[in-house]
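All remarks here apply to the structure that follows.
There are 2 protein chains.
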Amino acid sequence: MDKKYTIKDIAKMAGVSKGTVDRVLHNRGKVSPTALEKINEVLNVINYEPNLIARNLKNTKVYRICVLMPDPEIDPYWYPCVNGIQDAITEFKAYSVIIETYFFNPESTKSFLTTNEKIIEKSPDAVLIAPLFHKETIEIIKQYDELEIIVNTFNNQVESSSIKSFVGQDLYKSGRVAASLMNLILDQGQIAIIHIDESVKNAVHMQEKEKGFRNYFEEKNLSDFSLTTLKLKYSNIDTKLPVFLEEHPDLKGIFITTSKAYQIASFLSSLKDRKIALIGYDLIEKNVNFLNQGLVHFLIHQNQKRQAYLGVSTLVDHFLFRKEIPETILLPIDIINVENASFYVS
Amino acid sequence: MDKKYTIKDIAKMAGVSKGTVDRVLHNRGKVSPTALEKINEVLNVINYEPNLIARNLKNTKVYRICVLMPDPEIDPYWYPCVNGIQDAITEFKAYSVIIETYFFNPESTKSFLTTNEKIIEKSPDAVLIAPLFHKETIEIIKQYDELEIIVNTFNNQVESSSIKSFVGQDLYKSGRVAASLMNLILDQGQIAIIHIDESVKNAVHMQEKEKGFRNYFEEKNLSDFSLTTLKLKYSNIDTKLPVFLEEHPDLKGIFITTSKAYQIASFLSSLKDRKIALIGYDLIEKNVNFLNQGLVHFLIHQNQKRQAYLGVSTLVDHFLFRKEIPETILLPIDIINVENASFYVS
DNA sequence: AACAAAAATGTGCTCGAACACACTAAAATA
DNA sequence: TATTTTAGTGTGTTCGAGCACATTTTTGTT
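First to last, the sequence lines map onto chains A and B.
Here this note's numbering is used: the first residue of the first sequence is 23, the next is one more, and so on.
Here this note's numbering is used: the first residue of the second sequence is 23, the next is one more, and so on.
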């Protein structure tokens, strides 16, 4: 029961050499029926687990994993991912794995493509990509496929048979979660779905969330509510938002589909007379501040840090420990309010 | 940058033998100042990380970790823990670690003590205990301390300098989270805090949650609410609960401090005329069913599975990879409603 | 029966860290 | 000066899996 058996043990028990046992274990053939039976008999009795440590020692190959993601200096949404990858680097630094991060400008498809070429030059064994640009992603995935480089994705889902794995969240469902919370805060009134983003790259993201949000209200037949959509950019919040608020005097709640809830909260904090419920995404510092002030009611945690970490660690587990790469990992949709926020920020 | 250096590499670079490098790396002395300097020079330039795989291969010691926890057959609350431990067993089966689980009867301190003796007989290297019984735990911890067996705890917190680690949740805060949600569902009215448990062993648990729950309402000066506490057992729900409901006609919400929310929900489902908000703990099947039916509004996820998994895995990491055992791991207080529940059950 | 070909089996080396042990050279003692 | 002590250094083995290669056994062919 207790003992960890080795190939040598099995060989001795079956009365053969370890070479023969090895051939049986790996189906390498060249084994007589007699030997096969003897070894299988032993294998049926004991529970042999190859020692992963010894197996890996022999493998001197250094695996290279490249991560391609937006520059967090340009969009701070991505900072947690860097931490997640750093965690993975720390955890696996003692193994024969090299993990490298490459940033691209999230506003520029060209930057995405050129940074990508840099990675290809390094001829990695696998890449983890945040595939912000759908069309361009499909292109580069073809290249990786030809070079037999494994492609994992995170944060944004892109359908392709060449992609081994996706780590992310069910955005539609997260919209529903936001809706269910909004429905709890409010009895009736107008609700705005606000998309704040500098570019169109997140369009699919935001739309999925909106769909989920709207679907919840439709499904429940909540006719006391009316939903409106508003698209904003950072540069025009101060002009467009006041107009919108004036046009919608009965506005009771706002669902912000990006991590920019703080921009709305910041504006609303100057309005003393209106009480508007805010639900947004992501535990970035500014959002958490407004959560603590009571201006933001709920945040939905997308856990980018863990997304990035898992994206890398599944690859490492695959290379080092021959674990299967799960096709999709959907992280839970964490509901955050002022009371439990502290346990999630890290 | 890329290359993973080995002791042999360092030896060659410094012009010494690997034995000398080894002595420097482990401060084993018997090294001349000249050699020391040469080696340190090399070490300063390159970034040496000992290969954990090779290091562990040499170590033939089989570590034994024993888990002491209540029998889930008696209290199903503990089933997820078994799964968490099973996960750990699966993950580490290829390493020189033996993980064994021992169940005790959660209603019997004697069972706790005798099962514990069985573990001591096995002379493990570490134990993970769910220390349900405070006094008895303090006693047995002394024994472990003398035998130099590492003690980790989970689920229940016991203060002792001999305990290396605790994995659990901040119960007080989880009570506050429940309160904040209740406050969102209700505007005013009576709220009951119900403790359902067969024995007194969970008293501290339940009290902490109640404290947090009450503290929230006090702190916010929510005078439109009145809080009442009720203690129940499974055997007297059907008699005591109807009486209680009759005595409290304005009861609008119930906070159940244990995982037995389904018992209340089950009873309330027969009452058509009263709408009472329910908040409870734990994603056990029966609770999730009532969540889906809309009878339970929120569940707080204590994530026992992960508690148990982490309790074991930190020990394995300690033995195998010399990682430090974190003193306390507080898991996040996950807020679950019908929309996000599916992502947490496993 | 003699030999070649093929099949089956066993041997031995590698990976990197760790440590026991053997060895050399310099310092201390007789 | 001869001999012991000790500080310093290097060598060699171990761990278990994996695989190349050597060796043995069996089968097939003339």
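Glycine included, C-beta positions come from ideal geometry on N, C-alpha and C.
Taking a beta-carbon distance threshold of 7 Å, Ile-75 of chain A counts as an interface residue toward chain B. Pairwise C-beta distances place the stretch 316–324 of chain B out of contact with the stretch 336–347 of chain B, as fewer than three of them are shorter than 8 Å. The C-beta of Ser-187 of chain A has 16 or more other C-beta atoms within 10 Å across all chains shown, which makes the residue buried. With a cut-off of 8 Å on Cβ pairs, the stretch 152–166 of chain B is in contact with the stretch 86–96 of chain B, counting three or more such pairs.
For Val-89 of chain A, the enclosing beta strand (DSSP E) stretches over residues 85–92. At a cut-off of 7 Å between C-beta atoms, Pro-354 of chain A counts as an interface residue with respect to chain B. One alpha carbon belongs to Glu-170 of chain A, the other to Thr-28 of chain A, and they sit about 34 Å apart.
From the beta-carbon of Phe-277 of chain A, no residue of chain B is found nearer than 8 Å; the closest lies around 14 Å away. The Cβ atoms of Ala-152 of chain B and Phe-125 of chain B lie no closer than 7 Å to each other.
Within the same chain, Trp-100, Tyr-101, Val-104 come within 7 Å of Pro-94 of chain A by CB-CB distance, once the 5 residues on both sides are set aside. Using a Cβ-Cβ distance cut-off of 8 Å, the stretch 207–221 of chain B and the stretch 268–278 of chain B are in contact, since at least three pairs of beta carbons, one from each stretch, lie closer than that value. Measuring C-alpha to C-alpha distances from Ile-355 of chain B to each of B:Leu-58, B:Glu-307, B:Ala-201 identifies B:Ala-201 as the nearest. One alpha carbon belongs to Arg-77 of chain B, the other to Ala-76 of chain A, and they sit about 10 Å apart. By the neighbour-count criterion, in which a residue is buried when 16 or more other Cβ atoms sit within 10 angstroms of its Cβ, Val-265 of chain B is exposed.
By the neighbour-count criterion, in which 16 or more other beta carbons inside 10 Å mark a residue as buried, Val-360 of chain B falls on the buried side.
In the three-state DSSP reduction, Gly-51 of chain A falls in the coil class, being neither helix nor strand. Close partners of Arg-198 of chain B in chain A (Cβ separation under 9 Å): Glu-361, Asn-362. Look at Phe-247 of chain B here: in three-state DSSP terms it is strand. The contact set of Ser-202 of chain A on chain B, defined by CB atoms closer than 8 Å, consists of Asn-359, Val-360, Glu-361 in chain order. At a cut-off of 7 Å between beta-carbon atoms, Lys-115 of chain B makes contact with chain A.
Between Ile-215 of chain A and Phe-235 of chain A, the C-beta spacing is below 7 Å.
When 9 Å is used as the limit between beta carbons, Phe-155 of chain A is near no residue of chain B, the shortest such separation being about 28 Å. Contacts between Glu-71 of chain B and chain A, judged by CB atoms closer than 7 Å, involve Lys-115, Ala-116 in chain order. Contact annotation: the stretch 285–296 of chain B touches the stretch 246–264 of chain B, with at least three C-beta pairs closer than 8 Å. Using a Cβ-Cβ cut-off of 8 Å, Phe-247 of chain A is close to nothing in chain B; its nearest Cβ partner there is about 16 Å away. Measuring C-alpha to C-alpha distances from Thr-280 of chain A to each of A:Lys-26, A:Leu-353, A:Ile-185, A:Asp-219 identifies A:Asp-219 as the nearest. Chain A has no Cβ within less than 7 Å of the Cβ of Leu-300 of chain B.
In the three-state reduction of the DSSP assignment, Val-173 of chain B falls in the strand class, which pools E and B. Residues of the stretch 74–103 of chain B that bring their beta carbon within less than 7 Å of a beta carbon in chain A comprise Leu-74, Ile-75, Ala-76, Asn-78, Leu-79, Val-84, in sequence order. One alpha carbon belongs to Leu-352 of chain B, the other to Thr-112 of chain A, and they sit about 22 Å apart.
Under DSSP, Val-119 of chain B takes part in a beta bridge, and its partners are B:Tyr-85. By the Cβ neighbour-count rule, Leu-203 of chain B is buried, with 16 or more other Cβ atoms within 10 Å of its own. DSSP places Val-360 of chain B outside both helix and strand once states are collapsed to three, so it counts as coil.
Along the length of the stretch 157–222 of chain A, whole alpha helix (DSSP H) runs at least 4 residues long occupy 193–207, reported in chain order. When Cβ-Cβ separations below 7 Å define contact, Tyr-366 of chain A makes contact with chain B. Gly-275 of chain B has B:Ile-213, B:Ala-299 as its beta-bridge partners, per DSSP.
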